[in-house]
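Asks: Before anything else, here's the structure in question.
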Amino acid sequence: MPLRSRCTLMLMLIVSVVLTDIKLSAAETAKQKKPLNFVFILVDDLGYMDVGCNNPQTFYETPHINQLAKTGMRFTNGYAANPVCSPTRYSIMTGKYPTRVDATNFFSGKRAGKFLPAPLNDQMPLSEITIAEALKEHGYSTFFAGKWHLGPTEEYWPEKQGFDINRGGWHRGGPYGGGKYFTPYGNPRLEDGPQGEHLPDRLASETAQFIDAHRDEPFFAYLAFYSVHTPLMGPGPLVTKYKEKAKRLGLNGQQEFADEEQVFPVDEKRRVRILQNHAVYAAMVESMDKAVGKVLRQLEESGVAENTVVMLTADNGGLSTSEGSPTSNLPLRGGKGWLYEGGIREVFLIRWPGETAPGSVSD
Numbered sequence: 000m001p002l003r004s005r006c007t008l009m010l011m012l013i014v015s016v017v018l019t020d021i022k023l024s025a026a027e028t029a030k031q032k033k034p035l036n037f038v039f040i041l042v043d044d045l046g047y048m049d050v051g052c053n054n055p056q057t058f059y060e061t062p063h064i065n066q067l068a069k070t071g072m073r074f075t076n077g078y079a080a081n082p083v084c085s086p087t088r089y090s091i092m093t094g095k096y097p098t099r100v101d102a103t104n105f106f107s108g109k110r111a112g113k114f115l116p117a118p119l120n121d122q123m124p125l126s127e128i129t130i131a132e133a134l135k136e137h138g139y140s141t142f143f144a145g146k147w148h149l150g151p152t153e154e155y156w157p158e159k160q161g162f163d164i165n166r167g168g169w170h171r172g173g174p175y176g177g178g179k180y181f182t183p184y185g186n187p188r189l190e191d192g193p194q195g196e197h198l199p200d201r202l203a204s205e206t207a208q209f210i211d212a213h214r215d216e217p218f219f220a221y222l223a224f225y226s227v228h229t230p231l232m233g234p235g236p237l238v239t240k241y242k243e244k245a246k247r248l249g250l251n252g253q254q255e256f257a258d259e260e261q262v263f264p265v266d267e268k269r270r271v272r273i274l275q276n277h278a279v280y281a282a283m284v285e286s287m288d289k290a291v292g293k294v295l296r297q298l299e300e301s302g303v304a305e306n307t308v309v310m311l312t313a314d315n316g317g318l319s320t321s322e323g324s325p326t327s328n329l330p331l332r333g334g335k336g337w338l339y340e341g342g343i344r345e346v347f348l349i350r351w352p353g354e355t356a357p358g359s360v361s362d
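Terminal number for the sequence shown in numbering that gives the first Met the number 0: 362, no gaps in between.
Structure below.
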């Protein structure tokens, strides 16, 4: 996919399947399987080199994402529509290139610099036809969980953009309220959970509940993790695990950074991370991966796995030169905020039973 974003490919896949079903005659339709379900998983700020299926030497552990790759197709040249979050999310929802709709930065961001910034429209207008709205027209139940970041006020939030259910989607680009990644969340679209509950696990549980409740009807579930966006917070036992792992592998004391311009915040000293050894970030990656596993297990337990297309990708590259620089994208240059490979090349997996050969790779 040298010129097309993987967001457009995802939309083409879904729309082509739906339109093919619509064109069948009534007699033919009666003989067909029920319409395909779709589960789309978007991870925030996950680097291409963070996952084991792309990088067997990664410091992080992603067994469930790796298993998804083994049972589906892995794209080695999947690219985001933009190196920051909101524009890519806009593209995923509409199939449009972000610059054509003035979605040129995260909402509501403004890059400091010597030149005037590009025009920025900081919401996805209600006039846009989203993939959720298109699927609802054809009888799909629609669900959203996690990070939305496509409008400053609730008139632009998921409920107004084609989703029947919204769990956690609002204007913020990260879990900055309450206990942040741990309950209480301080999120008007997500009730607080029991003490110690971790956000990615909660979002996966909400998604799993939706899947099970709608097993007998076509559904579209969009799980957009806040992970692994800052603030960097992971479950204590996992943080301890990765501190011990870094020590065991002899990573402590090795050079962690090299010289490179910071993207955000711009007043930080120049540096780019060149070593994967950040224990908290590693804990966040693993907890997100476990949440992916929970959703995949639910598909099996609900008996719909063989009739469900699962897609997983990220909104932009890993944080190697911004917001604490917790991960390394090497050998890819740059990271989130850059148009270098490290900022736009993404993990991209599709499992479509009967169509994608298990363990297949597309370059």
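Note that CB positions come from ideal geometry on N, CA and C, so glycine has one too.
The structure displayed is predicted, hence computed values, not measured ones.
Pick out whichever of Arg99, Lys135, Tyr139 has its Cα sitting closest to the Cα of Asn120.
Replies: Cα-wise, what sits closest to Asn120 is Arg99.
Asks: May I have the straight-line CA-CA distance separating Arg270 from Glu260, to the nearest angstrom?
Replies: 6 Å
Asks: With a threshold of 7 Å on Cβ separation, who are the neighbours of Thr61 within its own chain once the five nearest residues in sequence on each side are excluded?
Replies: Within the same chain, Thr61 has close Cβ partners Val50, Gly51, Val284, Asp288.
Asks: State the CB to CB distance for the pair Pro157 and Gly168, rounded to an integer number of angstroms; the pair is presumed to be in contact (CB under 8 Å).
Replies: 4 Å
Asks: Less than 9 Å between the beta carbons of Arg247 and Pro325, yes or no?
Replies: no
Asks: Does Ile128 pass the burial test, meaning 16 or more other C-beta atoms within 10 Å, or should it be called exposed?
Replies: exposed
Asks: Spatial neighbours of Phe58 within its chain, please: CB distance less than 7 Å, with the 5 preceding and 5 following residues excluded, ordered by chain position.
Replies: Gln275, Asn276, Ala281
Asks: Measuring only the C-alpha atoms, how far is Arg188 from Arg166?
Replies: 6 Å
Asks: Return yes when the Cβ of Val309 is within less than 9 Å of the Cβ of Ile40, no when it is not.
Replies: yes
Asks: Considering only residues of the stretch 187-239, which uninterrupted alpha helix (DSSP H) runs meet the minimum length of 4 residues and lie entirely inside it, listed in chain order?
Replies: 198-212
Asks: Per DSSP, what kind of secondary structure is Ala356 in: helix, strand or coil?
Replies: Of the three classes helix, strand and coil, the one that applies to Ala356 here is coil, per DSSP.
Asks: At which residue ranges does the stretch 74-153 contain complete alpha helix (DSSP H) runs of 4 or more residues, listed in the order of the chain?
Replies: 84-93, 130-135
Asks: Counting pairs of beta carbons, one from the stretch 327-336 and one from the stretch 352-359, are three or more of them closer than 8 Å?
Replies: no
Asks: Rank His137, Gly178, Thr93 by C-alpha distance to the C-alpha of Pro217 and give the top, closest one.
Replies: His137
Asks: State the Cα-Cα distance for the pair Asn186 and Tyr175, rounded to the nearest angstrom.
Replies: Each residue's Cα considered, the two are about 9 Å apart.
Asks: For Leu202, which option in Phe181, Arg214, His213 has the closest C-alpha, if you only look at C-alpha atoms?
Replies: Considering only alpha carbons, the answer is Phe181.
Asks: Can Ala313 and Glu345 be called in contact, C-beta distance under 9 Å?
Replies: Contact: yes.
Asks: Let me check one thing: in DSSP terms, what residues is Val38 bridge-paired to?
Replies: Ala220, Val309
Asks: Tell me the DSSP secondary structure of Ser301 in three-state form.
Replies: coil
Asks: By the three-class DSSP mapping on this structure, what secondary structure does Ser324 have?
Replies: coil
Asks: Should Gln253 go down as buried or exposed, given a rule of 16 or more other Cβ atoms within 10 Å for buried?
Replies: exposed
Asks: Classify Ser286 as helix, strand or coil using the three-state DSSP reduction.
Replies: helix
Asks: Since Ser361 sits in a beta bridge, which residues does DSSP pair it with?
Replies: Phe74
Asks: Whole angstroms is fine: what's the gap from Glu267's alpha carbon to Pro230's?
Replies: 17 Å
Asks: Am I right that Asp211 and Gln297 are in contact with their C-beta atoms under 8 Å? What's the rounded C-beta distance?
Replies: 6 Å
Asks: Between Ala102 and Pro82, is the Cβ-Cβ spacing less than 9 Å?
Replies: no
Asks: Strictly by DSSP, which residues pair up with Ile164?
Replies: Phe142
Asks: List the endpoints of the continuous alpha helix (DSSP H) containing Ile343.
Replies: 340-343
Asks: When we look at the beta-carbon of Asn315 and count the other beta-carbons within 10 Å, is it buried (16 or more) or exposed?
Replies: buried
Asks: Could you check the C-alpha separation between Glu153 and His170 for me, to the nearest Å?
Replies: 8 Å
Asks: Taking the alpha-carbon of Thr320 as reference, which of Thr141, Gly46, Pro234, Gly249 has the nearest alpha-carbon?
Replies: With distances taken between Cα atoms, Thr320 lies closest to Gly46.
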